[in-house]
Amino acid sequence: MALASEAAARFNRGCADGVLGTVVATRSGEHEAREPMQRELVERAQRGDADAFRDLVYEAGSRLYAIAYRILRDPDRAQDALQQALIQLWDGLPGLRDPGRFDAWSYRLVVHASYREARRERTWNAKVGEIKVDPAGDDRVAEVIDRDEVERSFRRLTPEHRAILVLHFVIGLPIREVADVLGIPMGTASSRLHYATQSFRAAFEADARGAGAWRTTA
Amino acid sequence: VTQEQQQDQRMLEWLDSGPADVPVEPLEAAIEYARAHPRRRLSWAGLRRYVMDRMHLEEVKPERPGGRRWGPALAAVAAVAVVAVVVVGGLRLLGGSGDLPGAGGVPAASPSPSPVPSTAPAPSPSPPLPAVTSIASSCVVSTLAGKAGATGAVDGVGAEARFSDQMGFILYDGEDHVLYLADGGNHAIRKITRDGVVTTVAGRLGEAGNVDGTGSAARFNTPVGVALWGGQMWIADSGNGTVRRMTLPDGAVTTVAEGFTSPWSIALRTGWGSSIMVYVGELDGGAISQIWAEGSDDAGTLAGTPGALRWAVDGTGSSAGFGWPFGMFDQPEDDSFYVVDVNRDRSASALRLANNHGVVTTLPWDARYGRPGVPWVAGADQHESGDTVFVTTFLDNTVVRMAPDGSLTLLAGSPGIEGSADGTGDVARFTGPLGIVGDGEGKLYVVDAYNSTIRTITCP
Numbered sequence: 001m002a003l004a005s006e007a008a009a010r011f012n013r014g015c016a017d018g019v020l021g022t023v024v025a026t027r028s029g030e031h032e033a034r035e036p037m038q039r040e041l042v043e044r045a046q047r048g049d050a051d052a053f054r055d056l057v058y059e060a061g062s063r064l065y066a067i068a069y070r071i072l073r074d075p076d077r078a079q080d081a082l083q084q085a086l087i088q089l090w091d092g093l094p095g096l097r098d099p100g101r102f103d104a105w106s107y108r109l110v111v112h113a114s115y116r117e118a119r120r121e122r123t124w125n126a127k128v129g130e131i132k133v134d135p136a137g138d139d140r141v142a143e144v145i146d147r148d149e150v151e152r153s154f155r156r157l158t159p160e161h162r163a164i165l166v167l168h169f170v171i172g173l174p175i176r177e178v179a180d181v182l183g184i185p186m187g188t189a190s191s192r193l194h195y196a197t198q199s200f201r202a203a204f205e206a207d208a209r210g211a212g213a214w215r216t217t218a
Numbered sequence: 001v002t003q004e005q006q007q008d009q010r011m012l013e014w015l016d017s018g019p020a021d022v023p024v025e026p027l028e029a030a031i032e033y034a035r036a037h038p039r040r041r042l043s044w045a046g047l048r049r050y051v052m053d054r055m056h057l058e059e060v061k062p063e064r065p066g067g068r069r070w071g072p073a074l075a076a077v078a079a080v081a082v083v084a085v086v087v088v089g090g091l092r093l094l095g096g097s098g099d100l101p102g103a104g105g106v107p108a109a110s111p112s113p114s115p116v117p118s119t120a121p122a123p124s125p126s127p128p129l130p131a132v133t134s135i136a137s138s139c140v141v142s143t144l145a146g147k148a149g150a151t152g153a154v155d156g157v158g159a160e161a162r163f164s165d166q167m168g169f170i171l172y173d174g175e176d177h178v179l180y181l182a183d184g185g186n187h188a189i190r191k192i193t194r195d196g197v198v199t200t201v202a203g204r205l206g207e208a209g210n211v212d213g214t215g216s217a218a219r220f221n222t223p224v225g226v227a228l229w230g231g232q233m234w235i236a237d238s239g240n241g242t243v244r245r246m247t248l249p250d251g252a253v254t255t256v257a258e259g260f261t262s263p264w265s266i267a268l269r270t271g272w273g274s275s276i277m278v279y280v281g282e283l284d285g286g287a288i289s290q291i292w293a294e295g296s297d298d299a300g301t302l303a304g305t306p307g308a309l310r311w312a313v314d315g316t317g318s319s320a321g322f323g324w325p326f327g328m329f330d331q332p333e334d335d336s337f338y339v340v341d342v343n344r345d346r347s348a349s350a351l352r353l354a355n356n357h358g359v360v361t362t363l364p365w366d367a368r369y370g371r372p373g374v375p376w377v378a379g380a381d382q383h384e385s386g387d388t389v390f391v392t393t394f395l396d397n398t399v400v401r402m403a404p405d406g407s408l409t410l411l412a413g414s415p416g417i418e419g420s421a422d423g424t425g426d427v428a429r430f431t432g433p434l435g436i437v438g439d440g441e442g443k444l445y446v447v448d449a450y451n452s453t454i455r456t457i458t459c460p
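Chains as they are written, first to last, in the numbering used here: chain A, 1 to 218; chain B, 1 to 460.
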């Protein structure tokens, strides 16, 4: 446990200095920018204003869909998860004590809706297929191969690992807020992020080795 | 640039490569849902009206200054009306499970009932009412704290103490030998000693809010359901749509889960290690929700389908159906727990047994004793021979014991007759008995909700 925590701390220090840290720092201010207008919409929707809810849904929808899509990697199921989360939003809005926490709460709902979708039908691996490429292909083909490698690597992650990568690197939440959204202690969130990234790298390297061999022998 | 940085860069590019636009279908579907489901927020007074409306009681309930209780002259009229509904509803209950909401031979509530003047003649019951056959005439009912008909927000001893007229559930802390009550209308958790000394542990009397904190710094909004395990109390904070946790005895309150619509009943189960699973039943929730007290990664539904009201349908997981999981009692280390399930139009309720795999069965119940309201199970050591379950009948003013063989005994109160009298057996009166708990030493404590008192029942 101590080793895991140390590794996680080291990883997070590395993030702050490296490529990943730059992304998080850039995105973490977006919430503050939209907060005042969003708060008003949330408060009106809490009082039952369906028009405010409509504006809120359109304002938050793209972020929530981005989360669901990246966890599920399936547009249809991501839509289902998004719809479930939005309905829960409406039902649960009166219970949201602090309108300023709307983002975190909505992320939590869509992450859990995505988990449910993921567990409802585990078809991840079945959808990962080999791509057909021309052995004498050009740069575009190499790019497709690269993307397929990344896609396969990501699909090998558990939904929980995908969620933490998406929340931290796509949405740009600091690890403290990620822990809050996922309802887990901060130490757990740190180590989960660490292992998610390590798993991704390991899967990516394994895949790259395989693909490289294929290209060499082709 | 290291290899790791290259990999990270490609991962980020790939993460960024999702669809640019969100499809409008799920957005519009949710908006349509919102318009079709106007905001519904729990209000106890509103709830009581709702329940009474569907019981056809508003039309015979007289208004009198200073209170909502019935006058003695009309109690019999009301009792006839109540018992008539009880009997018809009971026949359906005895007829088996799988009932549909609103069915059951009980006349549907009129969409716009016309008030009947208080001087209206009593309806003639037909057919004659069968009698309750098993009555424990030697159980003694007393008032421990509060004064019948005198609502308020006062800490004190015995009859000096005051509770709201929106009292919730109660539990007994065997470590300190004290009771804890969710005093919903006062938005506070009250502590009651076995001598009747009432104090406020958390929240400020009469002041609603939603604040985590210790003691009087914390705020609740109509707390109703409570459950206890390991020195910590879980609270269904209905008005805030949250589940709160309070450490005992210091009263430090934190919010464990939020986003519920109207959490009402609550029960606990221990998991591996020290983890706790919290079961939550919501007003017309259609399901038992489950959350882990530490982290909500595994939040979900134990049984039923959220939002789909299928009252008293037996099955497993989503194939089981619930209406309103009104009362729950769980012994945290046991595999099964009791749920009282109320149907959509409040004309009937059923005592059900669920387990931690989501298997739900409906137990036989004779509704002549009153429709089940809130269960409490005596003694975890009795499971080999079956449970003895004590049940209040919130709408029918009785307290009933179900023996391990399923036989029922009326411990106190008279079905359908309101009142506040202390006494023995069916001479005693209750008005809306709700929460119930025992101290393990033979005494039961009952929240007599509409009398705003705590009653005790001692059976030899």
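Think of the CB as a built atom: it goes at the ideal place given N, C-alpha and C, for glycine as much as any other residue.
If you reduce the DSSP assignment to three classes, tell me which class residue i lands in.
i         : result
Gly186(B) : Here the sequence assigns Asn to residue 186(B), which means Gly is not the residue at that position. Three-state result, Asn186(B): helix.
Asn210(B) : coil
Leu193(A) : helix
Phe163(B) : strand
Ala156(A) : Note on residue identity: the sequence assigns Arg, not Ala, to residue 156(A). If DSSP states are grouped into helix, strand and coil, Arg156(A) belongs with coil.
Asn355(B) : strand
Thr392(B) : strand
Gly187(A) : helix
Ile31(B)  : helix
Leu171(B) : strand
Val111(A) : helix
Ser137(B) : coil
Gly92(A)  : helix
Asp341(B) : strand
Taking the CB atoms as reference points, tell me whether residue i and residue j lie closer together than 7 Å.
i         : j         : result
Gly196(B) : Ala145(B) : yes
Gly432(B) : Tyr445(B) : no
Asp165(B) : Ser452(B) : yes
Ala202(B) : Gly251(B) : yes
Val253(B) : Asp212(B) : yes
Gly225(B) : Ala236(B) : yes
Gly168(B) : Gly184(B) : yes
Leu309(B) : Gly286(B) : yes
Leu395(B) : Arg371(B) : yes
Asp426(B) : Ser142(B) : no
Val340(B) : Gly327(B) : yes
Val278(B) : Pro263(B) : no
Phe329(B) : Pro375(B) : yes
Gly36(B)  : Trp90(A)  : Correcting the residue type first, residue 36(B) is Ala in the shown sequence and not Gly. No. Outside cutoff.
Ala196(A) : Val178(A) : no
Val57(A)  : Ala30(B)  : yes
Gly241(B) : Phe220(B) : no
Leu410(B) : Thr398(B) : yes
Gly307(B) : Ile288(B) : no
Pro75(A)  : Tyr115(A) : no
Val389(B) : Val377(B) : yes
Glu43(A)  : Pro99(A)  : yes
Mind listing the chain C neighbours of residue i? Cutoff is C-beta to C-beta under 7 Å, in chain order.
i         : result
Phe200(A) : This model lacks chain C altogether; the protein chains it does include are A and B.
In angstroms, rounded to a whole number, what distance separates the CA positions of residue i and residue j?
i         : j         : result
Pro36(A)  : Asp180(A) : 21 Å
Ile184(A) : Ile164(A) : 11 Å
Arg101(A) : Gly149(B) : 42 Å
Val77(B)  : Arg429(B) : Interpretation of Val77(B) is limited by its pLDDT of 35, a score under 50 that renders its predicted location unreliable; the figure taken from the coordinates is listed afterwards. Their backbone Cα atoms lie some 16 Å apart in a straight line.
Leu72(A)  : Asn356(B) : 28 Å
Glu160(B) : Thr199(B) : 12 Å
Ala348(B) : Ile171(A) : 48 Å
Tyr369(B) : Leu351(B) : 13 Å
Ile266(B) : Trp234(B) : 8 Å
Asn186(B) : Val154(B) : 10 Å
Pro460(B) : Thr193(B) : 22 Å
Lys443(B) : Thr222(B) : 27 Å
Ser191(A) : Glu151(A) : 23 Å
Ile276(B) : Ser238(B) : 20 Å
Ala113(A) : Ile135(B) : 50 Å
Gly315(B) : Gly300(B) : 17 Å
Met55(B)  : Ala78(A)  : Only weak support exists for where Met55(B) lies, its pLDDT of 38 falling under 50; the coordinates are left without a value.
Meets three-Cβ-pair contact criterion under 8 Å: the region 52-68 of chain A and the region 82-89 of chain A: yes
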